[in-house]
Amino acid sequence: MGEYPKILVIYYSRTGNTAKIALKIAEILNADVEKIIDKTNRSGLWGYLKSGYQAARKRLTDIAEPEHNPAHYDLIIIGTPVWAWTISAPVRTYIYHYWKQFPKNIAFFATMGGSGDEKTFHNMQNIIGISPINTLSVKQNEISAQTTDSKIHNFCQDLLEKLHPKQPNNEHK
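Mapping of the sequence shown onto the working numbering: residues 3 to 175, in sequence order.
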């Protein structure tokens, strides 16, 4: 196997759930982490309602300048909470601003209360114009019950295998 790939995990988290998954993925893959900083106050009930409204309307928001350039990585993994069955406004904004710098290898993960992951991944793929090499969906009850470890490990292992497929053994017997 060649050099270990350079990986960046990019995420936004309003409540901390997406952050937990992002940091676990980054730990397993020895990846750099880019936390998307949203300049909009999304705390409390009003923040929750505003977040869902902006996501449903496909609104962009004001985010801080990122620390890492995604073009410097072999793989980027983008994580978002599912808001109103679609991409969170901060992640949508990041993708809109930086998609031209993305490498050819991307993966997505989403955290959600119940559903919306497939639509979210489809919307992300449509904006970026690249199919993800893998996706991971994690529900709130899995995070609360702390039953995500094997799912995350499998996701990471699959990513590494797709980046470095096993070569057939060409030895003659």
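Beta carbons are placed, not taken as given, at the ideal position from N, Cα and C, and that holds for glycine.
The three-state secondary structure of Leu31, taken from DSSP, is helix. Relative to the Cα of Asn125, the nearest Cα in the group Thr88, Lys164, Ala58 and Asn156 belongs to Thr88. Segment contact: the stretch 43-51 against the stretch 112-120, fewer than three CB-CB distances shorter than 8 Å; contact not assigned. Between the alpha carbons of Ile80 and Ser45 lies a distance of about 22 Å. Runs of alpha helix (DSSP H) with 4 or more residues, each lying fully within the stretch 106-147, are found at 119-130 and 142-146, listed in chain order. DSSP, read as helix, strand or coil, puts Pro92 in helix. Note that the C-beta distance between Ile12 and Ile65 is not below 8 Å.
The residue from Gln103, Arg61, Ser133 and Asp34 with its alpha-carbon nearest to that of Ala86 is Arg61. Between Thr82 and Tyr14, the gap from beta carbon to beta carbon is short of 8 Å.
Under DSSP, Leu10 takes part in a beta bridge, and its partners are Asp34 and Ile78. DSSP places Pro83 in the strand class (E or B) of the three-state scheme. The continuous alpha helix (DSSP H) containing Phe157 extends over residues Asp151 to Leu165. When DSSP states are grouped into helix, strand and coil, Ile23 belongs to the helix group. Annotated three-state conformation of Ile65 is strand, per DSSP. If you draw a straight line from the Cα of Tyr55 to the Cα of Ala91, it comes to about 9 Å. With 16 or more other CB atoms across the displayed protein chains lying within 10 angstroms of its CB, Glu36 is buried. Judged by beta-carbon spacing, Pro72 lies beyond the 8 Å limit of Phe110, meaning their Cβ atoms are not closer than that value.
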